[in-house]
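Visitor:
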Amino acid sequence: MAQWTERARGEIWLRRLGFFLGLLFLIALYGWALRGVEFDLSSIFKYGGKFFELLGRMYPPDFSALPQLVRPLLQTLQMATLGTFFGALMALPLVVFGSQLVVRSALIYWPVRMIMNILRTIPDLLYAVLFVAAMGFGPAAGVGALSFFACAIIAKLTSESADNINPKPIEAVEAVGAGKLQVIRYAVLPQLIPAFIDHVIYVFELNVRVSAVMGYVGAGGMGMQLTTAMEWRNYSQVLTIALLIFALVIVIDLVANRIRDAFVQGIVLPRPLRFLGLSVVATLIVWSFISLEVDFNRLVKGFDYFRNLVWAIVTDPATEYFELAVQRMIQSLQIALVGTTISFLLSVPLGFLAARRHVGMPVAFAVGMKQIPNIIRAFPELILAIFFIATFGPGPLPGVLAIAIHSIGMLGKFNAEIVEKIRKEPVEALQSSGASRLQVFRYAVLPQVLPEFLALFIYRFEINVRAASVLGIVGAGGIGSLINEAQSYRAWDIVGICLVVIIPTVMVIDFLSARIRKKLIEG
Amino acid sequence: MTAPILRVHNLTVIYPGVQPVKALDNVNVEIYPGEFVVVAGVSGSGKSTLLRAINRLAENDHAQIHGEIYFDGVNVLKASRRQLREIRSRIGFIFQEYNVVERLPVLTNALVGSLGYVGLVRSLLGRFPKEQIERAHHALVRVGIPQPRHGDRAARLSGGQKQRVGIARALLQKPKLILADEPVASLDPITANVVMNIFKKINEDEGITTIVNLHDPVLTFKYGKRIIGLKHGRIIYDKPITAINRETFEEDIYGTVDREG
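Protein sequences appear in the order of chains A and B.
Quick note: the first sequence, position 214, residue 214 per this note's numbering, numbers continuous.
Every position in the second sequence, counted from 1, becomes a number in this note's numbering once 1000 is added.
#1: Anything in the stretch 1159 to 1170 of chain B with a Cβ closer than 9 angstroms to a Cβ of chain A? List those residues in chain order, please.
#2: Going by Cα to Cα distance, which pick from B:1145, B:1002, B:1027 is closest to residue 1010 (chain B)?
#3: Report the partner residues of residue 1009 (chain B) according to the DSSP bridge assignment.
#4: If you compare alpha carbons, which of B:1060, B:1051, B:1112, B:1151 is closest to residue 184 (chain A)?
#5: Is there at least one Cβ from chain A nearer than 8 angstroms to residue 1257 (chain B)'s Cβ?
#6: Who are the near neighbours of residue 466 (chain A) in its chain, counting only those whose CB is closer than 7 angstroms to its CB and skipping five residues on each side?
#7: Are residue 335 (chain A) and residue 399 (chain A) touching if we call contact CB-CB under 8 angstroms?
#8: Which ranges would you report for the alpha helix (DSSP H) in the stretch 1034 to 1063 of chain B if only whole runs of at least 4 residues count?
#9: Mind pulling the chain B residues with CB within less than 8 angstroms of residue 182 (chain A)?
#10: Check this for me: beta carbons of residue 402 (chain A) and residue 342 (chain A), under 8 angstroms apart or not?
#11: Please state whether DSSP places residue 17 (chain A) in a helix, a strand or coil.
#12: Excluding the 5 residues flanking residue 78 (chain A) on each side, which residues of the same chain have their C-beta closer than 7 angstroms to its C-beta?
#13: What does residue 1086 (chain B) touch in chain A if you count any residue whose Cβ is under 9 angstroms from its own?
#14: Can you tell me the Cα-Cα spacing of residue 63 (chain A) and residue 73 (chain A), whole angstroms?
#15: So residue 1208 (chain B) and residue 1183 (chain B) are supposed to be a Cβ contact under 8 angstroms. How far apart are they, rounded?
#16: Which ranges would you report for the beta strand (DSSP E) in the stretch 78 to 119 of chain A if only whole runs of at least 3 residues count?
#17: Output yes if chain B places a C-beta closer than 8 angstroms to the C-beta of residue 162 (chain A); else output no.
#18: Of all the residues that make up the stretch 1180 to 1195 of chain B, which are near chain A by a beta-carbon distance shorter than 9 angstroms?
#19: Using Cβ-Cβ distances below 9 angstroms, what residues of the stretch 190 to 210 of chain A are close to chain B?
#20: May I ask you to report which of helix, strand or coil DSSP gives residue 1134 (chain B)?
#21: From the DSSP output, which residues share a beta bridge with residue 1273 (chain B)?
#22: What is the DSSP secondary structure of residue 1028 (chain B), counted as helix, strand or coil?
#23: May I ask which residues mark the beginning and end of the alpha helix (DSSP H) holding residue 250 (chain A)?
#24: Short of 7 angstroms in beta carbon distance, which residues of its chain neighbour residue 1259 (chain B), apart from the five on each side in sequence? Order them along the chain.
#25: Taking the beta carbon of residue 114 (chain A) as the centre, do at least 16 other beta carbons fall within 10 Å, making it buried, or is it exposed?
#26: Report all residues from its chain with a CB closer than 7 angstroms to the CB of residue 278 (chain A); omit the five preceding and five following residues, and keep chain order.
#27: Which residues does DSSP list as the beta-bridge partners of residue 1209 (chain B)?
#28: With DSSP as the reference, identify every bridge partner of residue 1217 (chain B), one or two as the case may be.
#29: Between the Cα of residue 215 (chain A) and the Cα atoms of A:98, A:239, A:232, A:245, which residue gives the shortest distance?
#30: What's the C-alpha gap between residue 327 (chain A) and residue 100 (chain A)?
#31: According to DSSP, simplified to helix, strand and coil, what is residue 289 (chain A)?
#32: Taking the alpha carbon of residue 1165 (chain B) as the point to measure from, which residue in B:1017, B:1173, B:1106 has its own alpha carbon closest?
#33: Does residue 270 (chain A) have its Cβ less than 8 angstroms from a Cβ in chain B?
#34: From residue 1114 (chain B) to residue 175 (chain A), what distance separates their C-alpha atoms?
#35: Any Cβ of chain A within less than 8 angstroms of the Cβ of residue 1060 (chain B)?
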C-alpha cells in the first residue's frame, strides 16, 4: 500500500512538472509569435477608432453605381461556374488514377497523389496572382486560377471519399464473378458519385467567395471594382461592393446548402425535375462560356509563363532570396497562429451561447447567436484585410485581425455543433450526485468538448496558414508581401523561391495537423 | 454414387501477420449435389474462412490458401483470374451484412447477379436484356419482395428484406452451389426463420446444393440435414443430422458455460 502511494506521488510530481514545462513553452511560443506579428494592444486601441471612422465614411452606400456593378457581379458568378466545371473535369482523372480501388500499381497512384497534394498546398489568391501574371488581367486568368483551385479540392475530397467507401458491396459484386470494370460500375460508382457531386457543389460555394475578391489582384469580376474604388477612396462605393459580394455569397450558400442537404438525405427527384436541374446547370455553363469570351490564345501564352516559372525554379533559383523567403514564411506562420488563437478565444464562449441544447438558454437566443458566425463567414478575409490596412497601415497586424475576425465564422459554428453533440448521460450522472453547475461543467462537459475544440483549432490553423501566406499580396505581411514585390518587378525567380518555401511548409503543416487531430479525436 | 460437386482436400488457411493465424488446419470434406449442409461452430472456429476460401474471397483479406479445392471438377486454387470469375459466377454467395449497394434500386441489386451472363458493354451502360430483367423480378417476388418495391433504393429496406435481395442476387447467377455465411446472424429470430425457410425451399425445389454457416444451435438442428462441426479450424464432426446426439454435440461444439464457470 505504502509503495503504491509512493509511486502515485512520483507520478503526480511528474505530471506537475510536465504541466509547468508545457506552460513555459506556450508562453515562450506566444511571446515570440506576438513580437513577430508586431502585435501591439496600445496601437489597436489608438487607431481602432479609425476603423469605425472608416466605416462611417462608407455610410451610406452609394447605390447609384448599381447598374455598372451588375456586369462584374455576373462575371464573378460566371468565373465561379466555369472554374468549378473545368476543375471538376480535371479532378476526375486524378481521382480515378489516384485510387487504389482502380489502379493496382503504386507506381501510378503515388505520383498522382503527389500531384494532388502539391496542387492542394497552393492558396487561392496565389493561383490568382500566378494566372494574372501568365494570362494578363481579366476574367480568363480568374477562370484559370479557379479551375486549379477547384480541381485540387475536389480531387482531394473525392479521393478521401473513395478511400472510405464500404468495401462489402464490392465483395458481393466480385463474388458473382464480375470483372474489374463491372465492379467499378456497380459497386464503386454508385457509392462515389453522390459524394463527388456533393464536393463539386461545395467547391462552387468556395469558388464564388474566391471569385468575388480575386479581382483585387487583377483576375476579373467584382474584386476589380473594389480595387478601383479603394484607389479613388470612393468609400461609399466600397461599401456598396462589399454588400453586394456579401449578398451574393449568402444567396449562393443558401441555395447550395439546400441542394447538398437533399443529396445527403438521398432524396430522389422525379425524372422531369432532374432533367430540369441538369439543363439549368448546362445553360449556366454555356452562358458563362459565351459571355466571358475566353481567349484561347492566352491559354497558350499562359502555358509559356508556367514553363518559364518551373524552368527558373529548376535551373536558376534565386537562392540569395531563400533566407528572406523563409523569414517571411515564419512571419506568415506567426500571423496564422496569433490570428487563429484570438479567433478561438472569442468563439469558444460564442459556441456555448449558440448551442441549442445548452442548459438554461432560451432556444430563440441560441438561434439568434448562431446567425453571428454565419454572417461573419460571408465576409471574405481579403475585404477585412483591406479595411484593416486602411486603418493600421500595411504590415502583419491587419493580417492577424482579418484572420481573427473571419475565422470566428467557422469556429463559432462548429464549436456550437460540438457543444450540441455532448452526451447527456455523464452530465446527468454528475447532477444526480449533487454536483454544482461549475463542477458539472468541469467534470462532465469540458472533458467531452475540449479535445474536439483543440482539433478544430488545429484544423483552422492549417487553413489560416494558407490565408496568411497570401494576404501579404494586398499588404498584410508574411510571405505574400514578398510575392507582391517580386511580381511587380516581374522577378519570376523570386516568385519561384516563394513557391519552393510555401509548398513544403504547407504540406508539413497539413501532415502534422492531420496526425495531431487524429490523436486528439481517437484519444 | 455421383461425383461430389465440391471436394476440399487438405485445406489449410493462414492469415499472415506479426503473429500468423492458422484459421483452417488440414480440412477435408466432400459435398454432393443437392445436399443441404450446415457448418456449425463458435465464432473464430473457421466457418467463414472455409466458405470464403471456396470462392477465394479470403484472398481479399490476404489469406494464404494451401491445399486443393475442386468445384465441379476444376481446381479453384489453380484457376486463372478469368476462370475464377467463371467459377464465381456459378457459386451464389450470401453475406451476413447482405452487402447490397444501398444507393442502387432493389432491381439493379438483383441484376448484379446476372453480370456473368451479360456482355461487358451492355452491363457498363446498365442495359440489361429483357430476359434478365424478367428473371430479376421473378426472383425478387419469389423471395418475398413484391413488385411495387423493386424500384426503391435498397437503403430503404429492412435488414430481412436486404437479405432477401441478397438471395435474389444469388439466384440470378443460376448457381450450382450456394454458400451462405452467417446469413441470419444480424436478424431477429422470426425473420431468421423466414430467411432460412427460403434457403430450404430453394434447395428442395431446385436441388441447388447449399452450405450455410450458423452459430446458433437451434437453427442448426432445425434446418441442417448434414452437419459439419468446426472447432479451432478443424472438422470434429461430419454426420447426417439423424446420427447426431444433440446433447454431446452441443457440448463438443459450443462447450458448456457451467463447466467453465
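Glycine is no exception: its CB is placed at the ideal position from the N, C-alpha and C atoms.
Guide: The answer reads as follows:
#1: 1166, 1169, 1170
#2: B:1027
#3: B:1068
#4: B:1112
#5: Here the model assigns residue 1257 (chain B) a pLDDT of 46, short of 50, so the residue's position is not dependable, and the following value carries that caveat. So, not an interface residue.
#6: 123, 506
#7: yes
#8: 1047 to 1054
#9: 1115, 1120, 1123, 1124
#10: no
#11: helix
#12: 288, 291, 292
#13: 177
#14: 14 angstroms
#15: Not confirmed; about 14 angstroms, so no contact.
#16: none
#17: no
#18: none
#19: 190, 191, 193, 194
#20: helix
#21: Chain B is shown from 1001 up to 1261; residue 1273 (chain B) falls before or after that span and cannot be answered.
#22: strand
#23: 235 to 264
#24: Low per-residue confidence applies at residue 1259 (chain B): pLDDT is 43, beneath 50, and the placement is therefore not dependable enough to give any value.
#25: exposed
#26: none
#27: B:1177
#28: Per DSSP, none; premise fails for residue 1217 (chain B).
#29: A:245
#30: 39 angstroms
#31: helix
#32: B:1106
#33: no
#34: 12 angstroms
#35: yes
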